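These notes concern the structure reproduced below.
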Amino acid sequence: MNYVIGIDIGTQSTKALVCDANGHIVAQMSKGYHPDTPRPLWAEQDAGIWLAATRACIAGSVERARAAVPGLAAADIRSICISSLYGGSGIPVDGDINPLHPCLIWMDRRAEAEVAWVRQSIDVDAMAEITGNHVDSYYGYTKILWLKANRPDVWARTKYFLPPNAFVIHALTGEIAVDHSSAGNIGGVYDLARRCWSEAMLSSLGIPSAMMPERLVHSHDVVGGLKADVAAELGLAAGTPVVAGGVDAAVATFAAGATRRGQHVAMIGTSMCWGHITPTVEPASKLVSMPHVFNGDRDAYVFGGAIAAGASETWFREQFCKADAEEALRSDQDVHAVLDGAARPLPAGADGLIFLPYLMGERSPIWDGRASGAFVGLSLYHTRAHAYRAVLEGVAFALRHNIEASDTASLDDDLIVVGGAAQSELWLQIIADITGRRVLTIAENVEAAMGAALLAALGAGLVSPQQAADGWVTLTVSAEPRASERHAYDASFAVYRSLYPTLKDGMHRLRALAEAPHP
1 MNYVIGIDIG
11 TQSTKALVCD
21 ANGHIVAQMS
31 KGYHPDTPRP
41 LWAEQDAGIW
51 LAATRACIAG
61 SVERARAAVP
71 GLAAADIRSI
81 CISSLYGGSG
91 IPVDGDINPL
101 HPCLIWMDRR
111 AEAEVAWVRQ
121 SIDVDAMAEI
131 TGNHVDSYYG
141 YTKILWLKAN
151 RPDVWARTKY
161 FLPPNAFVIH
171 ALTGEIAVDH
181 SSAGNIGGVY
191 DLARRCWSEA
201 MLSSLGIPSA
211 MMPERLVHSH
221 DVVGGLKADV
231 AAELGLAAGT
241 PVVAGGVDAA
251 VATFAAGATR
261 RGQHVAMIGT
271 SMCWGHITPT
281 VEPASKLVSM
291 PHVFNGDRDA
301 YVFGGAIAAG
311 ASETWFREQF
321 CKADAEEALR
331 SDQDVHAVLD
341 GAARPLPAGA
351 DGLIFLPYLM
361 GERSPIWDGR
371 ASGAFVGLSL
381 YHTRAHAYRA
391 VLEGVAFALR
401 HNIEASDTAS
411 LDDDLIVVGG
421 AAQSELWLQI
431 IADITGRRVL
441 TIAENVEAAM
451 GAALLAALGA
461 GLVSPQQAAD
471 GWVTLTVSAE
481 PRASERHAYD
491 ASFAVYRSLY
501 PTLKDGMHRL
511 RALAEAPHP
């Protein structure tokens, strides 16, 4: 029997799973951690954390697979593939590929001055035409410029900027390559039409082209084989092929079976990435564009995202729901079940309470790193349950806002939802009612790690491209939109859309006050 390993390096945990060539999971393991946030709106991670977690999860899942499948040999595991979070700047490494600075991840917002410089100094319309992307501190190229301006010692020693999956693959194989999805997601330095680095944009931005690894590969391509010492540590065979993988949102979308034009998936975890598959990119949509991880030479994965989607729910729960957590502990329930139970009977629109989920600035479609979160409509009547429901609705409004920024006529009627939100029946129903779309979820509940495993199988020749397109997961209908809720949500969404333009100036002034030096 043949097996593969799929790994997903996430923002708050790494997960590995061992599958057979038909996609049946035989073992899995995860390891948690947290990104560092040394200052407001900063978010970074030491690359060693990712590498250690990946090694531990591979070794642990292999050990568990041997317990589950008697007689499993190291050679039976035919390939490994690594998906990873969007690493923003990437990891600056020296000539020996040693990390020189923590990676400024997707959540980091420190590069606002660099955003202003790009808007003043670069033809941003030409950038959008070449790269399919825009100007914001979300993008990796602005974070690279921040390192250039603020860490000259690091800049002087940097050989390459490596995405997290590329860095880990090098540690496993000794080979350096960057997959096209990760390259495109950096933003203003990748030519989307030509599927290569843009020499023109790199020159305009003042980023040496030599800092971008020359070898670009498809997500199903084999980068190299496991080094003998690494293989022995992991319980695998030396030379086991390691497949490139890609950005987790695109890999999760692939795992959900989205491989053709019009299919679209919302991945709602710490952040929200809603993306669809298209052969053509329209820069005017102001969404993020990169080659897809499947048929990437032809198709693009175009997505919009709320930077603090699931993070908003986590923030609210941890800061304001201690009593609910204690009740959940007493009644042996999950705290989310307690919170959902209190919020479920409330009406659509949370009795006139709206939440803007801009707790770390916001990505598409407003692209404002200085936006901030807000509850609007609060009164003495409102309870904690109202506020919790408003948070769930606010993230769903942000999802609808991104969907409507795209060409909705080209999208399927069904919306696939993966990630933490897929575990909440209430949240899925709210999403269906707000977007007006039937919501599907994955029965297997594995997302990006499963997508990585399928790419590993494709790369090793264990499945054909058609089998990969058909996918390994089972989609189930989890929520139908209710006409009875549509009017209320349409009215609330109209208010939601109006609030950011109205509050923008005040948000920016408050951010300036918060950043001003204290006497």
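Its first residue numbered 1, the sequence shown is counted upward by one per residue in the UniProt record's numbering. Even glycine gets a Cβ: it sits at the ideal position worked out from N, Cα and C. Keep in mind that this is a model prediction, so the values were computed, not measured.
For the alpha helix (DSSP H) containing residue i, name the first residue and the last one.
i, result
"threonine 252", "According to the sequence shown, residue 252 is alanine rather than threonine. Residues 248 to 255."
"methionine 127", "124 to 131"
"glycine 225", "Glycine 225 -> not in any alpha helix (DSSP H); beta strand (DSSP E) instead, spanning 222 to 225."
"valine 467", "For clarity, residue 467 is glutamine in the given sequence; the question names valine instead. That run of the alpha helix (DSSP H) goes 465 to 470."
"serine 182", "180 to 185"
"leucine 428", "425 to 435"
By DSSP, does residue i sit in helix, in strand, or in coil?
i, result
"arginine 511", "helix"
"threonine 11", "coil"
"isoleucine 91", "strand"
"histidine 276", "strand"
"leucine 72", "coil"
"aspartate 108", "coil"
"glycine 341", "helix"
"arginine 78", "strand"
"serine 478", "strand"
"valine 395", "helix"
"lysine 31", "strand"
"tryptophan 197", "strand"
"serine 84", "strand"
"glutamine 45", "strand"
"alanine 61", "Here residue 61 turns out to be serine, not alanine, going by the sequence shown. Correct three-state label for serine 61: helix."
"leucine 380", "coil"
"valine 189", "coil"
Could you tell me the distance, in whole angstroms, from the CA atom of residue i to the CA atom of residue j?
i, j, result
"glutamate 44", "alanine 387", "30 angstroms"
"alanine 200", "isoleucine 430", "45 angstroms"
"threonine 278", "alanine 232", "42 angstroms"
"arginine 64", "leucine 172", "21 angstroms"
"aspartate 179", "serine 219", "6 angstroms"
"serine 424", "proline 347", "17 angstroms"
"alanine 177", "phenylalanine 320", "45 angstroms"
"alanine 405", "valine 265", "15 angstroms"
"tyrosine 496", "arginine 317", "22 angstroms"
"alanine 311", "proline 99", "28 angstroms"
"alanine 456", "glutamate 214", "23 angstroms"
"leucine 236", "leucine 499", "55 angstroms"
"proline 38", "threonine 476", "41 angstroms"
"arginine 438", "valine 69", "39 angstroms"
"threonine 14", "glycine 349", "36 angstroms"
"alanine 126", "proline 345", "50 angstroms"
"aspartate 470", "alanine 250", "16 angstroms"
"isoleucine 207", "valine 376", "42 angstroms"
"tryptophan 274", "phenylalanine 254", "13 angstroms"
"methionine 29", "isoleucine 268", "21 angstroms"
"valine 446", "serine 137", "30 angstroms"
"aspartate 351", "histidine 382", "8 angstroms"
"alanine 210", "leucine 202", "10 angstroms"
"glutamate 393", "tryptophan 427", "8 angstroms"
"alanine 468", "glycine 451", "10 angstroms"
"aspartate 324", "leucine 378", "21 angstroms"
Per DSSP, what are the beta-bridge partners of residue i in this structure?
i, result
"alanine 448", "Note: alanine 448 sits in no beta bridge, so no partner."
"lysine 322", "Answer is none; lysine 322 lacks a bridge partner."
"glycine 361", "Leu359"
"alanine 374", "Leu356"
"glycine 6", "Leu17, Cys81"
"valine 217", "Asp179"
"proline 99", "Val93"
Specify, as a first and last residue, the run of the beta strand (DSSP E) that residue i falls within.
i, result
"tyrosine 160", "160 to 162"
"glycine 304", "300 to 306"
"valine 265", "264 to 268"
"valine 243", "241 to 243"
"isoleucine 416", "415 to 418"
"leucine 440", "439 to 442"
"valine 288", "288 to 291"
Any idea if residue i is buried or exposed, counting beta-carbon neighbours within 10 angstroms, 16 or more meaning buried?
i, result
"phenylalanine 161", "buried"
"proline 357", "buried"
"glutamine 466", "exposed"
"histidine 336", "buried"
"methionine 290", "buried"
"alanine 374", "buried"
"proline 517", "exposed"
"glutamine 263", "buried"
"serine 181", "buried"
"threonine 259", "buried"
"threonine 441", "buried"
Do residue i and the ligand SAH come close, with the Cβ less than 7 angstroms from some heavy atom?
i, result
"cysteine 103", "The model depicted lacks the ligand SAH and carries no ligand whatsoever."
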